[in-house]
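J.:
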Amino acid sequence: MSLFFAPLLLFGLQTPPPSLLVDDLRILSSDRMEGRAPATRGSARARAHIVARLKAIGIEPLYARYERPFRARHRGRPLNGINVLAQLPGTTAASDRAIVIGAHYDHVGIIGGAIHNGADDNASGVAALLAIAASLRADPPRHRVILAFWDAEEPGFYGARAFMANPPFAPERIALNINLDMISRSDRGELFAVGGVNWPRLQPVLDDVAAEAPVTLRFGHEGHLAKDEDDDWTALSDQVAFHEKGIPFVYFGVEDHPDYHQPTDTFDRIPLDFYARSVATIEAAVRALDARLDEAVPRP
Ligand SMILES: [Zn+2]
Numbered sequence: 043m044s045l046f047f048a049p050l051l052l053f054g055l056q057t058p059p060p061s062l063l064v065d066d067l068r069i070l071s072s073d074r075m076e077g078r079a080p081a082t083r084g085s086a087r088a089r090a091h092i093v094a095r096l097k098a099i100g101i102e103p104l105y106a107r108y109e110r111p112f113r114a115r116h117r118g119r120p121l122n123g124i125n126v127l128a129q130l131p132g133t134t135a136a137s138d139r140a141i142v143i144g145a146h147y148d149h150v151g152i153i154g155g156a157i158h159n160g161a162d163d164n165a166s167g168v169a170a171l172l173a174i175a176a177s178l179r180a181d182p183p184r185h186r187v188i189l190a191f192w193d194a195e196e197p198g199f200y201g202a203r204a205f206m207a208n209p210p211f212a213p214e215r216i217a218l219n220i221n222l223d224m225i226s227r228s229d230r231g232e233l234f235a236v237g238g239v240n241w242p243r244l245q246p247v248l249d250d251v252a253a254e255a256p257v258t259l260r261f262g263h264e265g266h267l268a269k270d271e272d273d274d275w276t277a278l279s280d281q282v283a284f285h286e287k288g289i290p291f292v293y294f295g296v297e298d299h300p301d302y303h304q305p306t307d308t309f310d311r312i313p314l315d316f317y318a319r320s321v322a323t324i325e326a327a328v329r330a331l332d333a334r335l336d337e338a339v340p341r342p
């Protein structure tokens with residue numbers, strides 16, 4: 043548990059969550075962002091906010107600039123996206139291996155005149171990643187960490203796949219992907235961590251995180267734990283771009299809710315207390331996986 047979230051522990055769970063986390067969530071899901079569809083004015087505004095926050099935190103870009111454009115084709119038409127990529131150096135010799143922590147910032151934009159704000163999907167993951175970035179800046183990780191704000195997840199994981207098609211260094215040096223996508227809403231107070239069935243050596247670390255987590259951290263939605271093929275989340279978010287290249291992943295997310303991909307996925311429907319505990323749980327997992335990376339992802 044980092045200093046960043048210590049107030050939650052000291053003052054109990056009724057205390058309002060850290061304000062920057064909530065501010066970022068509110069701003070990124072505001073109407074001004076127009077639903078953050080790729081290659082739109084709203085997307086550019088969201089990106090500018092993310093970059094400004096990274097600069098304020100003091101985290102360097104991965105490349106010369108934070109913005110990393112890519113081109114793809116979606117349903118026969120060109121798609122121009124822009125990832126935002128930053129990095130923190132590791133503090134140990136083990137930092138020759140990197141952890142990529144990602145969250146997609148795009149959403150589906152304006153449909154039928156209605157702004158789809160995407161507060162849970164996935165302003166929640168982006169604001170969380172910014173909070174975790176600030177924590178890692180204050181208390182640096184052992185391994186190199188790449189912070190990836192992906193574009194064009196919604197049409198088909200194009201940002202993450204563009205990154206893996208042209209990685210910044212040999213892919214063998216990317217040890218693990220941690221993906222945050224829809225982490226803020228659960229009537230049952232449950233957050234899922236997916237990856238430990240596909241990549242069993244991760245599971246003991248995740249079990250230890252679950253034992254101490256301020257939410258109910260559950261496992262499922264993959265392999266034999268999935269009820270059926272549609273219930274398997276392995277290939278349903280950006281982690282698939284890593285998994286399909288043989289790189290282990292942990293995906294954090296909640297179950298679908300009635301506002302999923304609706305104009306009603308708005309800031310005011312986010313239970314901020316659960317959200318803060320969800321972010322604290324993910325941060326604890328990041329710390330544990332960084333500390334025990336050689337155990338969770340053995341060197342080849
Ligand atoms: Zn999403």
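Residue 205 in this note's numbering is what sits at position 163 of the sequence shown, and the numbering runs on without skipping anything.
A virtual CB, placed ideally from N, CA and C, is assigned to each residue, including glycine.
(1) Provide the residue span of the alpha helix (DSSP H) that contains P366, from first to last.
(2) State the CB to CB distance for the pair H303 and Y200, rounded to an integer number of angstroms; the pair is presumed to be in contact (CB under 8 Å).
(3) So, helix, strand or coil for I153, using DSSP?
(4) Using beta-carbon positions only, say whether A283 and M206 come within less than 8 Å of one another.
(5) Who are the near neighbours of P340 in its chain, counting only those whose CB is closer than 8 Å to its CB and skipping five residues on each side?
(6) For T258, which three-state DSSP category applies?
(7) Under 8 Å, do E196 and V150 count as touching if we go by C-beta distance?
(8) Report the residue from L67, D73, R78 and R74 whose alpha carbon sits nearest the alpha carbon of A194.
(9) Is A268 helix, strand or coil by DSSP?
(10) Once DSSP output is grouped into helix, strand and coil, what is the label at R110?
(11) Is the segment 170-181 touching the segment 139-155, taking contact as three or more C-beta pairs under 8 Å?
(12) Does the segment 288-300 come within contact of the segment 231-247, defined as at least 3 CB pairs closer than 8 Å?
(13) To the nearest angstrom, report how far apart A327 and N159 are at their CA atoms.
(14) Less than 7 Å separating the Cβ of F297 from some heavy atom of ligand 1?
(15) Which whole-angstrom value is the C-beta distance of V187 and L130, which I expect to be below 8 Å?
T.: Reading from the atomic positions:
(1) Here the chain comprises residues numbered 43 to 342, so residue 366 is not present and cannot be evaluated.
(2) In the sequence shown, counting from the first residue as 1, residue 303 sits at position 261. In the sequence shown, counting from the first residue as 1, residue 200 sits at position 158. 18 Å between Cβ atoms; not a contact.
(3) The residue labelled residue 153 in the question sits at position 111 within the sequence shown. If DSSP states are grouped into helix, strand and coil, I153 belongs with the strands.
(4) On the sequence shown, residue 283 is found 241 positions in, with the first residue counted as 1. On the sequence shown, residue 206 is found 164 positions in, with the first residue counted as 1. A283 places its beta carbon less than 8 Å from that of M206.
(5) Numbered from 1 along the sequence shown, position 298 holds the residue referred to as residue 340. R243.
(6) In the sequence shown, residue 258 corresponds to position 216, counting from 1. Looking at T258 - three-state DSSP - the assignment turns out to be strand.
(7) Position 154 of the sequence shown, counting from 1, holds the residue named residue 196. Position 108 of the sequence shown, counting from 1, holds the residue named residue 150. Yes; because the gap between Cβ atoms is below 8 Å, this pair is in contact.
(8) The residue labelled residue 194 in the question sits at position 152 within the sequence shown. If we check each option's Cα against that of A194, R78 comes out closest.
(9) Residue mapping note: residue 268 aligns to position 226 of the sequence shown, counting from 1. Correct three-state label for A268: coil.
(10) Position 68 of the sequence shown, counted from the start, is the residue given in the question as residue 110. Three-state DSSP puts R110 in a strand.
(11) Under the 8 Å Cβ criterion, the segment 170-181 counts as touching the segment 139-155, having at least three qualifying pairs.
(12) yes
(13) Reading the sequence shown from its first residue, position 285 is the one you call residue 327. Reading the sequence shown from its first residue, position 117 is the one you call residue 159. For the pair A327 and N159, the Cα-to-Cα distance works out to about 28 Å.
(14) The sequence position of residue 297 within the sequence shown is 255, counting from 1. Reading off the sequence, residue 297 comes out as Glu, not Phe. No, the beta carbon of E297 sits no closer than 7 Å to any heavy atom of ligand 1.
(15) Within the sequence shown, residue 187 is the residue found at index 145, counting from 1. Within the sequence shown, residue 130 is the residue found at index 88, counting from 1. That belief holds up - the Cβ atoms of V187 and L130 are roughly 5 Å apart, short of 8 Å.
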